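With the sequence shown counted from 1, adding 138 to any position gets you our numbering. Glycine residues also receive a C-beta, built at the ideal position from the N, C-alpha and C atoms. Computed from a prediction, not measured in an experiment: that's the story for all the values here. Notes to accompany the following structure.
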Amino acid sequence: MNLNFLLLLCFFLVNYQDVTPDYVVKYHSVLSKKDELRYIETYQENKDINIHAYVISLQMKQAKYKTFPWSKLSIFNKEKKRLDELIKTHPNNIHLRYVRLVIQEKTPKILGYNKKIQEDKSFLKIMLKKKDSSDYLDKFIIKNTSL
Numbered sequence: 139m140n141l142n143f144l145l146l147l148c149f150f151l152v153n154y155q156d157v158t159p160d161y162v163v164k165y166h167s168v169l170s171k172k173d174e175l176r177y178i179e180t181y182q183e184n185k186d187i188n189i190h191a192y193v194i195s196l197q198m199k200q201a202k203y204k205t206f207p208w209s210k211l212s213i214f215n216k217e218k219k220r221l222d223e224l225i226k227t228h229p230n231n232i233h234l235r236y237v238r239l240v241i242q243e244k245t246p247k248i249l250g251y252n253k254k255i256q257e258d259k260s261f262l263k264i265m266l267k268k269k270d271s272s273d274y275l276d277k278f279i280i281k282n283t284s285l
């Protein structure tokens with residue numbers, strides 16, 4: 139009986155691991171402009187679509203550091219377009235939808251980037267109910283959005 143328990147415990151300890159990708163963990167630990175720029179520099183050449191979501195989001199955020207309103211708007215709109223185009227190409231990508239929802243919910247309404255909130259919420263609600271390889275993202279979705 140004790141041997142079975144130990145074997146079972148060893149099995150769970152060996153197979154239990156935090157499967158949250160490094161780029162997700164690092165994104166959620168960004169606290170300053172310097173951290174944002176470091177993240178962008180580290181991941182901007184990566185070809186993974188999931189990573190693109192986070193890089194684009196931090197590139198959009200760089201608009202807040204610009205002095206002139208037209209510069210802010212230019213950066214924001216350029217990156218918004220990139221994100222929306224990626225979502226058109228990859229409509230079932232949970233990272234893209236999560237990042238867009240966070241941005242839409244935090245962006246001032248005057249910028250008009252709130253038209254897809256319900257669509258993204260509906261998609262993410264469905265994904266939260268599924269058991270799949272992206273379950274590590276569920277805690278971030280719940281914590282950082284209005285879901």
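Fewer than three pairs of CB atoms, one per stretch, sit closer than 8 Å, so the segment 225-236 makes no contact with the segment 207-214.
Per DSSP, the unbroken alpha helix (DSSP H) holding PRO207 starts and ends at 207-227. With fewer than 16 other CB atoms across the displayed protein chains lying within 10 angstroms of its CB, LYS219 is exposed. By the Cβ rule, the segment 242-250 does not count as touching the segment 221-231, because fewer than three pairs are nearer than 8 Å. Judged by DSSP in its simplified three-state form, HIS166 adopts coil rather than helix or strand. When DSSP states are grouped into helix, strand and coil, GLU179 belongs to the helix group. Here the alpha carbon of LYS164 sits roughly 24 Å from the alpha carbon of LYS269.
Note on ASN188: 16 or more other CB atoms within 10 angstroms of its CB, so buried under the neighbour-count rule.
Between VAL193 and TYR181, the C-beta gap is smaller than 8 Å, which places the two residues in contact. Here TYR177 is buried, its C-beta having at least 16 other C-beta atoms within 10 Å.
When secondary structure is reduced to three states using DSSP, LYS244 falls in the helix class.
Residue nearest to LYS216 within the set LEU196, TYR161 and ASN231 is LEU196 (criterion: CA-CA distance).
With contacts defined by Cβ atoms closer than 8 Å, GLU243 and SER284 form a contacting pair.
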